[in-house]
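Asks:
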């Protein structure tokens, strides 16, 4: 467990909080047999040397925009704000119906009335006077 202290704090806490009862039995047996190192199980970016190597490259500040050297072709370009604003509220889902299209009204399959569907229907069902079967 001492090897894990040199690792990233999150990796150490994860392994430490899990406890031996949650570790794989195969891993524990294999570790006893081959004296396996815990650091081989951690990803490379959790290790301390990776963190140190990230900050070896010097970070150079860019300074104030007024001190930047901008090429003339880029400085001549004019960038304007967007023409329209995004509308407030939830965006509409579905397509816009054209004015030339004919709109259809919902009709209920249960009662046959217009304006609602079968799921929202509170009317009694329509009695079907369909063809009757004649038994010979």
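Numbering (my numbering), first residue to last: 8 to 143.
Every residue gets a Cβ at the ideal spot worked out from N, C-alpha and C, and that includes glycine.
1) So, at 6 Å on beta carbons, what are the nonlocal neighbours of residue 119 in its own chain, with the 5 sequence-adjacent residues on each side left out?
2) The alpha helix (DSSP H) that contains residue 79, what's its start and end?
3) Give me the Cβ distance between residue 153 and residue 113, rounded to the nearest whole Å; I'm assuming they're in contact under 8 Å.
4) Tell me which same chain residues have a C-beta within less than 7 Å of the C-beta of residue 125, skipping the five on either side of it?
Replies: Short version:
1) Mapped onto the chain shown, residue 119 falls at position 112. So the qualifying residues of the chain are 133.
2) Reading the chain shown from its first residue, position 72 is the one you call residue 79. That run of the alpha helix (DSSP H) goes 79–82.
3) Because the chain in this structure spans residues 8 to 143, residue 153 falls outside the shown range and cannot be described.
4) In the chain shown, the residue the question calls residue 125 occupies position 118. For residue 125, where only same-chain residues beyond five positions count, the Cβ hits under 7 Å are 115, 116 and 117.
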